[in-house]
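J.: First residue of the first sequence? That's 368 in the working numbering, and the numbers climb one at a time after it.
Glycine is no exception: its CB is placed at the ideal position from the N, C-alpha and C atoms.
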Amino acid sequence: MKLATWNVNSLRVRLAHLSDWLNATRVDLLALQELKLTDDKFPKAELEALGYHCYFSGQPTYNGVAILSRMDSIGAALEVSCGNPLFEDEQKRLIRARFEGLDFISAYFPNGQALDSDKYTYKLRWIDALHDHLQQLRESPACKALVLAGDFNIAPEDIDTHDPAKWAGQILCSAAERERFQRLVALGLVDSFRAFEQAPKSFSWWDYRELGFRRNAGLRIDHILVDERLRSTLSGSLIDKGPRKLEKPSDHAPVVTELAWPA
DNA sequence: ATGGCCATAGTGTATGGA
């Protein structure tokens, strides 16, 4: 089974890229972020025609998350919930879909903007509330296994940045953010990309400016954390740079993790 | 050269992204 996450930076603009990518990869579950459209504009019919069930939570202009599940493999969700019951939030950043034996979450973590910004305070509070929510969820008997996929807006370690000196202590790399990433892992999750040997300078986001992609001046901020109860089934993980090379790309590349599961 | 790009809303130019 292939799990994936992709910040598409406007689903309206990226629909053709997404459709081509789904046809090429046929991933089983996909977490999408930054839809930047309202639910009435979600291209449900187009994606269903490709063979995917769609669950989504959008708003005008900003944010917006979705989960796609392949009809002919994992099938439809048993239940879906949007947002965090422990955190009032007008911003649409979280959606969870339950499947047989697996709770799959698409998360769009706040960016934070700058360490002295109110947005940074919001980011830390948002993550703390997510932690508490996931702790409760993961310990509930109905949750057999948890996968947290999305744009975390956190580069967990220096090797996840193209220039550790430049990024030291900066937004996305601050000690408080990295500590929170580790707290999420400590819930009993595995950073699936790092469960495998990877090429140095592997990133999932590159700035549109400064020829970021051509210079590979990027960050690894998109992650798929897999329940350690599924650790033995992990069979691979990669960042697919293909879509980032197209005309008018998203600034993020999709991340894919493969499981030999269900057995 | 400490900024460069892109999407949105919407028709000027601001905000947000990371």
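Leaving aside the five residues before and after I494 along the sequence, list all residues of the same chain whose C-beta is less than 7 Å from its C-beta, in chain order.
T.: Working through the first sequence from its first residue, we reach residue 494 at position 127. F476, R547, listed in sequence order.
J.: What residue range does the alpha helix (DSSP H) around P454 cover?
T.: The residue you call residue 454 lines up with position 87 of the first sequence. The question names Pro, yet the displayed sequence has Phe at residue 454. First-last for F454: undefined, no H or E at that position.
J.: Can you tell me whether N451 is buried or exposed, with buried defined as 16 or more other CB within 10 angstroms of its CB?
T.: Locating residue 451 in the first sequence gives position 84, counting from the first residue. Buried, by the Cβ-count rule.
J.: For a test of the three-state rule: what should DSSP assign to H420, helix, strand or coil?
T.: On the first sequence, residue 420 is found 53 positions in, with the first residue counted as 1. The answer is strand: DSSP assigns H420 an E or B state.
J.: Buried or exposed: N583, going by 16 or more other Cβ atoms within 10 Å of its Cβ?
T.: On the first sequence, residue 583 is found 216 positions in, with the first residue counted as 1. Exposed, because fewer than 16 other Cβ atoms sit within 10 Å of the Cβ of N583.
J.: DSSP three-state label for E413, please.
T.: Looking up residue 413 in the first sequence gives position 46. E413: helix per DSSP, three-state reduction.
J.: Do you know offhand how far A441's Cα is from E415's?
T.: As a position in the first sequence, residue 441 is number 74, starting the count at 1. As a position in the first sequence, residue 415 is number 48, starting the count at 1. In the sequence as presented, Ala is not what sits at residue 441; that position holds Ile. Between I441 and E415, the C-alpha separation is close to 14 Å.
J.: Provide the residue span of the beta strand (DSSP E) that contains A516, from first to last.
T.: Start at 1 with the first residue of the first sequence, and residue 516 comes out as number 149. 513 to 518 is the span of the beta strand (DSSP E), which, as asked, contains A516.
J.: How about L556 and D499: are their beta carbons less than 8 Å apart?
T.: As a position in the first sequence, residue 556 is number 189, starting the count at 1. As a position in the first sequence, residue 499 is number 132, starting the count at 1. Contact: no.
J.: May I have a chain-ordered list of the beta strand (DSSP E) segments no shorter than 3 residues that lie completely inside the stretch 489 to 543?
T.: Whole beta strand (DSSP E) segments, 3+ residues: 513 to 518.
J.: Just reading off the beta strand (DSSP E) that R582 is part of, what are its end residues?
T.: Here the question's residue 582 lines up with position 215 in the first sequence. Careful: R582 lies outside any beta strand (DSSP E) and carries neither H nor E.
J.: What separation, rounded to the nearest whole angstrom, lies between the Cα atoms of P427 and N376?
T.: Sequence index remark: in the first sequence, residue 427 carries index 60 (1-based). Sequence index remark: in the first sequence, residue 376 carries index 9 (1-based). Cα to Cα, P427 sits roughly 13 Å from N376.
J.: Can you say whether A371 is buried or exposed, counting buried as having 16 or more other CB atoms within 10 angstroms of its CB?
T.: Within the first sequence, residue 371 is the residue found at index 4, counting from 1. Buried: at least 16 other Cβ atoms inside 10 Å.
J.: Which residues does DSSP pair with S571 in a beta bridge?
T.: For the purposes of this step, residue 571 is identified with residue 204 of the first sequence, where counting begins at 1. Partner(s): none; S571 has no beta bridge.
J.: Using a threshold of 8 Å, state whether the C-beta atoms of R437 and D387 are closer than that.
T.: Counting from 1 along the first sequence, the entry for residue 437 is found at position 70. Counting from 1 along the first sequence, the entry for residue 387 is found at position 20. It is not a contact, given that the beta carbons lie outside the stated cut-off.
J.: Can you name the start and end residues of the beta strand (DSSP E) that T624 belongs to?
T.: On the first sequence, position 257 is the one that residue 624 refers to. 622 to 626 is the extent of the beta strand (DSSP E) around T624.
J.: Closer than 8 Å is the cut-off here; do at least three beta carbon pairs connect the stretch 524 to 531 with the stretch 585 to 592?
T.: The stretch 524 to 531 vs the stretch 585 to 592: in contact.
J.: How is the beta strand (DSSP E) around S473 delimited, first residue to last?
T.: By one-based count along the first sequence, residue 473 stands at place 106. Looking at the DSSP string, the run of the beta strand (DSSP E) that includes S473 is 469 to 475.
J.: Considering Cα atoms alone, identify which of R581, R596, L605 is closest to L613.
T.: Taking the first residue of the first sequence as 1, we reach residue 613 at position 246. When each option's Cα is compared against that of L613, the closest is R581.
J.: Going straight from the alpha carbon of L554 to that of P621, what length do you get?
T.: In the first sequence, the residue the question calls residue 554 occupies position 187. In the first sequence, the residue the question calls residue 621 occupies position 254. Roughly 24 Å separates the two Cα atoms.
J.: Just confirm the distance between the C-beta atoms of F471 and A516, as a whole number of angstroms; I'd bet it's less than 8 Å.
T.: Locating residue 471 in the first sequence gives position 104, counting from the first residue. Locating residue 516 in the first sequence gives position 149, counting from the first residue. Confirmed, about 7 Å.
J.: Tell me whether R381 is buried or exposed, calling it buried when 16 or more other Cβ atoms sit within 10 Å of its Cβ.
T.: The residue you call residue 381 lines up with position 14 of the first sequence. Buried, since its Cβ has 16 or more Cβ neighbours within 10 Å.
J.: Under the assumption that C449 contacts I462 (Cβ atoms under 8 Å), give the Cβ distance between them as a whole number of angstroms.
T.: Translated into the one-based positions of the first sequence, residue 449 becomes position 82. Translated into the one-based positions of the first sequence, residue 462 becomes position 95. C449 to I462, Cβ: 5 Å. Contact.
J.: Exposed or buried, A412, counting other C-beta atoms within 10 Å across all chains shown (16 or more means buried)?
T.: Here residue 412 corresponds to residue number 45 of the first sequence, with the count starting at 1. When all chains shown are included, A412 counts as exposed.
J.: Tell me the rounded alpha-carbon separation between D518 and E544.
T.: If you number the first sequence from 1, residue 518 lands on position 151. If you number the first sequence from 1, residue 544 lands on position 177. Taking the straight line from one Cα to the other gives about 13 Å.
J.: Let me confirm a value: E467 is counted as buried when at least 16 other C-beta atoms fall within 10 Å, else exposed. Which label applies?
T.: Reading the first sequence from its first residue, position 100 is the one you call residue 467. Classification for E467: exposed.
J.: Where do the ends of the beta strand (DSSP E) carrying D589 lie?
T.: The residue labelled residue 589 in the question sits at position 222 within the first sequence. Looking at the DSSP string, the run of the beta strand (DSSP E) that includes D589 is 589 to 594.
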